[in-house]
Amino acid sequence: MSDLTVVLTSCRRPDLLIGTLDSFFSTNDYPLREFIIIEDSDDESVWAIPARYPEQPIRVILNGVNIGQHRSIDRAYSEVQTPYILHLEDDWAFPVSKVVGRGIEILKRDPQVALVQLRTDDDIPRDIRRKAQAVEDLRYWRIPPTAHRVWHSFTFNPTVKRLSCYKKLPQGYAGFRTEAEISIFYKDQGAIMAWLAETGVSHSGFGRSNYGLKKRRGWRGVAQELDRFFSLATVRKWRRSVTRNVAHFKRKYRERQLIRSDRSALEP
Numbered sequence: 565m566s567d568l569t570v571v572l573t574s575c576r577r578p579d580l581l582i583g584t585l586d587s588f589f590s591t592n593d594y595p596l597r598e599f600i601i602i603e604d605s606d607d608e609s610v611w612a613i614p615a616r617y618p619e620q621p622i623r624v625i626l627n628g629v630n631i632g633q634h635r636s637i638d639r640a641y642s643e644v645q646t647p648y649i650l651h652l653e654d655d656w657a658f659p660v661s662k663v664v665g666r667g668i669e670i671l672k673r674d675p676q677v678a679l680v681q682l683r684t685d686d687d688i689p690r691d692i693r694r695k696a697q698a699v700e701d702l703r704y705w706r707i708p709p710t711a712h713r714v715w716h717s718f719t720f721n722p723t724v725k726r727l728s729c730y731k732k733l734p735q736g737y738a739g740f741r742t743e744a745e746i747s748i749f750y751k752d753q754g755a756i757m758a759w760l761a762e763t764g765v766s767h768s769g770f771g772r773s774n775y776g777l778k779k780r781r782g783w784r785g786v787a788q789e790l791d792r793f794f795s796l797a798t799v800r801k802w803r804r805s806v807t808r809n810v811a812h813f814k815r816k817y818r819e820r821q822l823i824r825s826d827r828s829a830l831e832p
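Under the numbering used here, the residues of the sequence shown are numbered 565 to 832, in order.
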């Protein structure tokens, strides 16, 4: 029996969803226990998807109303019975085979790795690549928590992850306001993110998000930006930025102290 469940989140983008599924199923060669699609809307067209892919173990969850990305994912993850999750969104292309199996092998070999990023290595920032440790046999980078003050410890991009790491969250993803806060939580846990090389997994949904504030055009857009700049939300954002910088420097300091301690232990 398979040790992997796929959870794909979607929100009223049926064309992108079908494109993602066509692409994934054409190259995936790793056995799946279940493929859960959770649609965060009232779009009943998703009920037709299992019939389109009769050989795949697809189960659809239709929220009926928009409950938000984090709560939607929590609902789907509550159904998972396998030790590993492949997390997908509805706007990605998967041109290369054996990607999922390589990602799971990393998790099995390296207990410090909390999740494996599957996004094309063309997208890994150069400064992150320099700070990461390349592991040649499975071809991936190990990204330490100190590589960035916010990112590269968690993402909702296509990733393979451990169900046990998700269960460490005290209130699931809904207990966090943003994806960045989840990443910082895992940084404080010392989690390592791996970035798998040579996947070719690319984003196809730029500019079509159905979450977040919609930008207005013309003078309404200018007024919207001014209102946002002078709002209490902006003040809170600046305050969070300062807090994140302080926490980042503390993590880097602890890392340097640990390295010095290890070196001292090796000295005669």
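For each residue, glycine too, the CB sits at the ideal point set by N, CA and C. This structure is a prediction, so every number in the text was calculated from the model and none was measured.
Can the beta-carbon of residue i be found closer than 8 angstroms to that of residue j?
i      : j      : result
Ser766 : Ala698 : no
Leu702 : Glu745 : no
Thr584 : Leu652 : yes
Pro689 : Ile756 : no
Cys729 : Ala696 : no
Val680 : Val724 : yes
Thr684 : Gly736 : no
Leu682 : Pro722 : yes
Leu626 : Glu608 : yes
Ala738 : Arg635 : yes
Thr573 : Asp654 : yes
Leu760 : Arg693 : no
Ser661 : Asp593 : yes
Leu580 : Ser717 : no
Glu631 : Val624 : This sequence places Ile at residue 631; Glu is not what is there. Their beta carbons are not under 8 angstroms apart, which means Ile631 does not touch Val624 by this criterion.
Ala649 : Leu733 : The displayed chain sequence assigns Ile, not Ala, to residue 649. Going by C-beta atoms, Ile649 is not nearer than 8 angstroms to Leu733.
Give the DSSP-derived three-state secondary structure of residue i in the structure shown.
i      : result
Ser661 : coil
Glu619 : coil
Arg576 : coil
Ala758 : strand
Val610 : helix
Leu671 : helix
Leu581 : helix
Arg815 : helix
Glu643 : coil
Tyr775 : Because the pLDDT of Tyr775 is 49, which lies under 50, any placement of that residue in the model is unreliable, and the number read from its coordinates should be weighed accordingly. Looking at Tyr775 - three-state DSSP - the assignment turns out to be coil, as it is neither helix nor strand.
Ile631 : coil
Asp593 : coil
Name the one or two DSSP bridge partners that residue i has.
i      : result
Thr569 : Glu598 and Ile649
Glu725 : Residue 725 is actually Lys in this sequence, not Glu. Paired residues: Ile649 and Leu679.
Trp656 : His767
Glu743 : Bridge partners of Glu743: none, in fact.
Leu733 : BP columns for Leu733 are empty, so no partner.
Ile625 : Ile602
Which residue spans inside the stretch 683 to 722 form an unbroken alpha helix (DSSP H) run of at least 4?
690 to 695
Determine, using beta-carbon pairs with one atom in the stretch 639 to 655 and one in the stretch 597 to 610, whether at least three such pairs fall under 8 angstroms.
yes
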